[in-house]
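Residue numbers (the UniProt record's numbering): 1 to 89. All residues carry an ideal CB built from backbone N, CA and C; glycine is no exception. If you're wondering where the values come from, they're calculated on a predicted model, not measured in any experiment. Single-structure report; data block below.
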């Protein structure tokens with residue numbers, strides 16, 4: 001992966017080159033990217049949960065509920081895949 005000197009200004013070409021290098025090395029960065037997108041989705045889901053309760057629960061509780069929803073969803077998708085394709089596991 002190409003290292004970028006942070007003291008200089010970044011051009012659009014350098015940013016696109018870095019983004020393309022991540023997509024080329026997808027297998028190497030897959031756990032980190034998955035965690036990043038999971039956390040981003042948790043932010044969206046937690047604010048939705050917090051807004052739906054009209055402030056009846058604290059923000060920390062809303063984030064915990066959103067995390068549990070994501071965990072339950074991921075576990076159900078995994079178990080569904082295991083049931084349909086047991087030879088892969």
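- With fewer than 16 other Cβ atoms from the protein chains shown falling within 10 Å of its own Cβ, residue 81 counts as exposed.
- Nearest to residue 44 by alpha-carbon distance, out of 70, 21, 58, 15, is 70.
- Measuring C-alpha to C-alpha distances from residue 61 to each of 13, 46, 77 identifies 46 as the nearest.
- In this model, residue 25 and residue 55 are separated by some 43 Å (Cα to Cα).
- Of the residues assessed, residue 52 falls on the exposed side of the cut-off, its CB having fewer than 16 other CB atoms within 10 angstroms.
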